[in-house]
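Quick note: the sequence shown, position 99, residue 177 per the numbering used here, numbers continuous.
Structure first, then comments.
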Amino acid sequence: MPSELEIGRLIGGLRVDRGLTQRKLAELADTNHTYLSKIENGRLGTMPSAGLLVALADVLEVDRDWLLTRCGRPPEGMAEAIGNHPTFFGGWRDVWPTA
């Protein structure tokens, strides 16, 4: 599982590569710029939600599942699949405990 700081550096690096300010990325991803700053600096105190990561992926023009998995979250639909088929996907709970 990546650390909060690793996730923050990843998101911050993608933002800078796209020439966006924290304020602009936050606006486009429908979140608060101070919240985004905490994420980028590894000071959020928790992992960003899957919903926010999906919004950030869309704005940053990266694959949603790529960003989710890089941030230690299951790909879209996987959490539901794990919940619906616990016997088949039982081992995945160890990989993605948030699922």
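Ideal Cβ placement from N, Cα and C applies to all residues, glycine included.
Cβ neighbour criterion (16 or more within 10 Å) applied to residue i
i, result
"leucine 131", "buried"
Cα-Cα separation, residue i to residue j
i, j, result
"aspartate 141", "glutamate 154", "11 Å"
"isoleucine 85", "leucine 106", "19 Å"
"alanine 128", "glycine 97", "24 Å"
Simplified DSSP assignment, three categories, for residue i
i, result
"leucine 131", "helix"
"arginine 148", "helix"
"alanine 104", "helix"
"leucine 114", "helix"
Own chain, CB closer than 7 Å to residue i, minus 5 neighbours either side, in chain order
i, result
"aspartate 143", "Pro153 and Glu154"
6 Å CB neighbourhood of residue i in its chain, flanking five on each side removed
i, result
"lysine 116", "Leu122"
"proline 80", "Gly150"
"leucine 145", "Leu131 and Ala135"
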